[in-house]
Amino acid sequence: MRFDGVEIKVTLGRDLTGQAVEELQLPAEDPWQIWFWEDVTPGDGPGTPLLDRGVILRARDKARGDDDATIKLRPCRRSQLTDRWLATTKGKTGGEEWELKLEADWSGERRVLAASYSYDRPGGLVREAGQGNRPVQDLFTADQLLFLQDCSGTAINLATLTALPPVTATRWKDVPAAPHGLDPRAERWTVGDLDFLELSVVADLGQASRRQAELTAFLWSRGLAIGAQQQNKTRQVLEHLMARAVEPTSTGRPVEHR
Numbered sequence: 271m272r273f274d275g276v277e278i279k280v281t282l283g284r285d286l287t288g289q290a291v292e293e294l295q296l297p298a299e300d301p302w303q304i305w306f307w308e309d310v311t312p313g314d315g316p317g318t319p320l321l322d323r324g325v326i327l328r329a330r331d332k333a334r335g336d337d338d339a340t341i342k343l344r345p346c347r348r349s350q351l352t353d354r355w356l357a358t359t360k361g362k363t364g365g366e367e368w369e370l371k372l373e374a375d376w377s378g379e380r381r382v383l384a385a386s387y388s389y390d391r392p393g394g395l396v397r398e399a400g401q402g403n404r405p406v407q408d409l410f411t412a413d414q415l416l417f418l419q420d421c422s423g424t425a426i427n428l429a430t431l432t433a434l435p436p437v438t439a440t441r442w443k444d445v446p447a448a449p450h451g452l453d454p455r456a457e458r459w460t461v462g463d464l465d466f467l468e469l470s471v472v473a474d475l476g477q478a479s480r481r482q483a484e485l486t487a488f489l490w491s492r493g494l495a496i497g498a499q500q501q502n503k504t505r506q507v508l509e510h511l512m513a514r515a516v517e518p519t520s521t522g523r524p525v526e527h528r
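Letter by letter, the sequence shown follows residues 271 to 528 of this note's numbering.
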């Protein structure tokens, strides 16, 4: 049965971010911009309607090109995916690489299944869509939209969605201070008063518990205390941005960034 492995994550809050960058010997890198789209409805309060239905629409404007757009279903069930999508893995279409992954996300005691379908996008498209100069429908490919329709289990009119303000992200494929064989990645997200660092490793299911323990032990050994309640970075960011998006302006209307 289709299962692509486990991604194990640990998130450090803003009180530890600066210390963590120093302790982990993370070098300066060019930042990315990450955009999310959500259902901002005036008068509906600061909820996260798409996220609460397990749908995440994200696009990344990377520092060195290779921009991409992702439709992620999390949490999801394997039975949500039709046979076509269970058989879809990765490839290249029209010069653009794509990949569909079905992985477990582990964060502390929280364990959920996630299906993500990512496509490379032409330079400039992500930024144009994020800034409201192109409709979000242009951002995702026809195959991605079919995946959303077939597997999300919820109706979504993309034309009504709002592009939220971008998150500034810095990613490190290697962590210099990590012991040989651990091979963690690190990603720092900042937006508004949020600033946090996520460390992650990937593993087969049979090795996941051991790898989670090794990642945790490594961070503790560097004096980085891991909070008992681990919340993934996407939820933290979307809750923050949605609260801002529905705040009334001086005109009495919510702030929107289409």
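For glycine and all other residues, C-beta sits at the position ideal for the given N, C-alpha and C.
Just list the residues that DSSP pairs residue i with in beta bridges.
i	result
ARG381	TRP376
LEU467	LEU282, ARG458
GLY361	TRP368
VAL276	ALA374, ALA473
VAL325	LEU343
TRP302	ALA439
ASP390	ASP338
Among residues of its own chain, excluding the 5 on either side of residue i, which ones have a beta-carbon nearer than 6 Å to its beta-carbon?
i	result
LEU369	In the sequence as presented, Leu is not what sits at residue 369; that position holds Glu. The answer, listed in chain order, is LYS360, SER388.
SER386	THR340, LYS342, LYS371
ASP413	none
ASP552	What is shown of the chain runs 271 to 528, which leaves residue 552 out entirely.
GLN303	ASP331, PRO436
LYS279	SER377, GLU468, SER470
Could you pull out every residue in the same chain whose Cβ sits closer than 7 Å to the Cβ of residue i, ignoring the five residues on either side in sequence?
i	result
ARG344	GLY324, ILE326, ASP375, VAL382, ALA384
GLY563	A query on residue 563 cannot be resolved here, the shown segment of the chain reaching from 271 to 528 and no further.
PRO301	ALA333, THR438, ALA439, THR440
Which residues mark the beginning and the end of the beta strand (DSSP E) in which residue i is found?
i	result
THR486	Not the beta strand (DSSP E): THR486 falls in the alpha helix (DSSP H), residues 475–491.
Which of the three DSSP states is assigned to residue i in this structure?
i	result
GLY417	First, the amino acid is wrong: residue 417 is Phe here, not Gly. In the structure shown, PHE417 sits in a helix (DSSP, three-state: H, G or I).
GLY522	Reliability of the predicted coordinates at GLY522 is poor, the pLDDT of 45 falling under 50, and the value obtained from them is presented with this limitation in mind. Three-state result, GLY522: coil.
LEU294	coil
GLN289	helix
ARG528	Model confidence at ARG528 stands at a pLDDT of 43, short of 50, so the residue's coordinates are unreliable and nothing is read from them.
GLU308	strand
ASP453	coil
SER349	helix
ARG330	strand
Which residue comes first and which comes last in the alpha helix (DSSP H) that contains residue i?
i	result
ASP408	406–409
THR438	Careful: THR438 lies outside any alpha helix (DSSP H), inside the beta strand (DSSP E) at 437–442.
LEU434	Here LEU434 belongs to no alpha helix (DSSP H), and DSSP marks it neither H nor E.
GLN506	503–515
GLY423	Careful: GLY423 lies outside any alpha helix (DSSP H) and carries neither H nor E.
THR400	According to the sequence as given, residue 400 is Gly; it is not Thr. Taken as a continuous stretch (DSSP letters only), the alpha helix (DSSP H) holding GLY400 covers 395–400.
Practice item. Pair every Cβ in the stretch 334–341 with every Cβ in the stretch 426–438, then say whether three or more of these pairs are closer than 8 Å. Key: no
Review point. Would you call the stretch 452–467 and the stretch 414–427 in contact, with 3 or more CB pairs under 8 Å?
Key: no
Review point. If you pair each beta-carbon of the stretch 295–302 with each one of the stretch 501–511, do three or more pairs fall below 8 Å?
Key: no
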